[in-house]
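2 protein chains.
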Amino acid sequence: MRTTPEPGKRAYQSTEQRQSETIEAVVHLCAEQDPSSLTTARIAQKVGVSQGALFKHFPNKSSLWESVAGWVAGQLTTQVFSVADQYEQADKALEAMFLAHIGFIARHPGIPRLMLGELQKPGNQPAKRIIRQTLALYRQKIVSLLHRGIEQQHITPSIDTEAAAVLYIGAIQGLVVQAMVGGDIASIEQSAPRIFKLFSASFRETSHDPKE
Amino acid sequence: MRTTPEPGKRAYQSTEQRQSETIEAVVHLCAEQDPSSLTTARIAQKVGVSQGALFKHFPNKSSLWESVAGWVAGQLTTQVFSVADQYEQADKALEAMFLAHIGFIARHPGIPRLMLGELQKPGNQPAKRIIRQTLALYRQKIVSLLHRGIEQQHITPSIDTEAAAVLYIGAIQGLVVQAMVGGDIASIEQSAPRIFKLFSASFRETSHDPKE
DNA sequence: CAAAAGAAAGTAATTAATTACTTTATTCTG
DNA sequence: CAGAATAAAGTAATTAATTACTTTCTTTTG
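Heads up: the sequence lines are chains A and B, in that order.
Take the first sequence: its position 143, counted from the start at 1, is 143 in my numbering, and no numbers get skipped.
In my numbering, each number is its position in the second sequence, counted from 1, plus 212.
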């Protein structure tokens, strides 16, 4: 059924516009639904368009997933990495990055589901490759920040940086899983600082260590 | 595979036998395939039975998932918790539990996929409830071990035990995700001790000097 | 104890729904 | 008007579940 468009509003959108609307819809839907059970019909409904129309803007579903993965990767890079670059002190940068990441997830609760869902898929599909690549980049960023922290003498030089990177990502994962279990995704922003504090205790330089 | 006590060949298996065979098949299949894409036909094929025969032993698919979740919960409890109970010293118990958990995952690579897959499902389906409950029990176990460690003066009393429990589970998650990215699940057993060492550095009591 | 009777486990084929994707016709916009 | 965007109505494939029927195991009973 067609409704007459309101005056001043475009009834028909450009392909680019529809593409980003669709990506946004997928990200939103993932907040309340398992990505693997997302149907093109449900996505189209969210966009406010017929199911078939989706294929005017994406050649197929897996291509849509690829676009979504690309969007996530881009957002993570710009929103999280850029925060880290604002700090001279490496340990402060790590903390800010951690909190920015948690904030990003809190604003987009579907993201963890999305990324985990992609990683669970077998094979080397494009979307999985993008997520994989982004995670590798992330790990690299953390390791280099840790090294800078050692140079700045804010991080103990005896630290196992590779292990710390895994634990850093794990800390985020732990928060997310905890939130999934509790069903309360907003709560992670509250507990995030406590988790990071504990995490950083494992490598904080203890040259001055006043007992309280 | 269980052998019948008598050497006579048995063409038809008992429902109980088929049920556990089916659960085993699902766990194995999850090691190489996204759980949400597992079809009853594929499962039946693995068991070596017709697709329809599955429904002689399970009323429906979701009931099968419930059984699988129950199996996982049981195995985690018996295999991981029992290890912890063998140690008097709480921090040693935590480490043994951590390594036992990683070993369990290495032996059953489908388990993380299974659990994460269940948690991603919306609503309060039985299988999800079981996983959720198991995780809660797990968290509780860690917290109580931490408290015992404080009493034994092996763990610093200033520790945020709730945060530590999240970080502990996160450390396992981080290892698993890292393995998923790398595609090499066997590697986690190798890196596990390093991760735990770093994790425990965040709360190890340094003033105390235990004899070993 | 053996044969009949029934219960349980199995198969192959089918069904109703659902899915990603396609085709056709219609409507909007520059 | 021409081309792009859309809706509506398809299609073929896949899926969980059911069905009608057969085979095997267990129990009852004369």
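No residue lacks a Cβ here, since even glycine has one placed at the ideal position from N, Cα and C.
It should be emphasised that the depicted structure is a prediction, and the values quoted were computed from it without experimental measurement.
Buried or exposed (CB count within 10 angstroms, at least 16 for buried), residue i
i, result
"A:Lys-56", "exposed"
"A:Glu-66", "buried"
"B:Glu-330", "buried"
"B:Pro-324", "buried"
"B:Ala-253", "exposed"
"A:Gly-183", "exposed"
"A:Tyr-12", "exposed"
"B:Gly-202", "Residue coverage of chain B in this structure runs from 213 to 424, which leaves residue 202 of chain B outside it and unanswerable."
"B:Arg-222", "exposed"
Same chain, Cβ closer than 7 Å to residue i, five either side skipped, listed in chain order
i, result
"B:His-313", "Val-292 and Ile-384"
"A:Ser-187", "Ala-179"
"B:Gln-245", "none"
"A:Glu-189", "Ile-102, Gly-103 and Ala-106"
"A:Gln-152", "Gln-89 and Ala-90"
"A:Glu-205", "Gln-153, His-154, Ile-155 and Thr-156"
"A:Thr-161", "Val-143, Leu-146 and His-147"
"A:Ile-43", "Thr-22, Ala-25, Val-26, Leu-29 and Leu-54"
"A:Lys-121", "Lys-128"
"A:Ile-185", "Ala-106, Pro-109 and Ala-179"
Beta-carbon proximity check, residue i vs residue j, cutoff 8 Å
i, j, result
"B:Val-393", "A:Leu-198", "no"
"B:Ala-302", "B:His-366", "yes"
"A:Ala-192", "A:Phe-98", "yes"
"A:Ile-169", "B:Val-261", "no"
"A:Phe-104", "A:Leu-76", "yes"
"B:Phe-415", "B:Ile-371", "yes"
"A:Ala-165", "A:Ile-142", "yes"
"A:Gly-110", "A:Ala-31", "yes"
"B:Ser-412", "A:Ser-36", "no"
"A:Leu-94", "B:Gly-386", "no"
Chain-ordered neighbours of residue i on chain A, where CB pairs are closer than 8 Å
i, result
"B:Ala-375", "Ser-191, Arg-194, Ile-195, Lys-197 and Leu-198"
"B:Arg-325", "Gln-120"
Proximal residues of chain A, C-beta to C-beta of residue i below 7 Å
i, result
"B:Met-392", "Leu-119"
"B:Leu-379", "Ala-171, Gly-174, Ile-195, Leu-198 and Phe-199"
Proximal chain B residues relative to residue i, where beta-carbon distance stays under 7 Å
i, result
"A:Gln-173", "Gly-382, Gln-385, Gly-386 and Val-389"
"A:Ala-25", "Going along chain B, no residue has its Cβ under 7 Å from A:Ala-25, so there is no contact; the nearest lies around 17 Å."
"A:Ser-202", "Leu-410, Phe-411, Ala-413 and Ser-414"
"A:Arg-132", "Val-393"
Cβ neighbours of residue i in the same chain (closer than 8 Å, five flanking residues each side left out)
i, result
"A:Ala-96", "Val-83, Ala-84, Gln-86 and Tyr-87"
"B:Ile-343", "Ala-281, Val-284, Ala-285, Met-327, Glu-330 and Leu-331"
"B:Glu-424", "Unreliable positioning characterises B:Glu-424 in this predicted model, as indicated by a pLDDT of 37, which lies under 50. The coordinate reading is nonetheless provided below. Counting only Cβ-Cβ distances below 8 Å, and skipping sequence neighbours, we find nothing."
"B:Thr-227", "Lys-268 and His-269"
"A:Pro-157", "Ile-150"
6 Å CB neighbourhood of residue i in its chain, flanking five on each side removed
i, result
"B:Val-280", "Ile-235 and Val-238"
"B:Glu-233", "Val-259"
"B:Ala-339", "Trp-277, Glu-278, Ala-281 and Glu-330"
"A:Arg-18", "His-57"
"A:Arg-139", "Ala-165"
9 Å Cβ cut-off: residues of chain A touching residue i
i, result
"B:Asp-246", "Ser-36, Gly-117, Gln-120, Lys-121 and Pro-122"
"B:Arg-230", "None at all; the shortest Cβ gap to chain A is about 27 Å."
Chain B residues whose Cβ lies nearer than 8 Å to that of residue i
i, result
"A:Ala-127", "Those do not exist, as A:Ala-127 stays about 13 Å from chain B at its closest Cβ, beyond 8 Å."
"A:Arg-42", "Chain B residues near A:Arg-42: none, gap ~13 Å exceeds 8 Å."
"A:Asp-160", "Arg-406, Lys-409 and Leu-410"
Proximal residues of chain B, C-beta to C-beta of residue i below 9 Å
i, result
"A:Ala-136", "Val-393"
* **Segment contact, 8 Å Cβ cut-off, at least three pairs: the region 58 to 75 of chain A with the region 355 to 366 of chain B** => no
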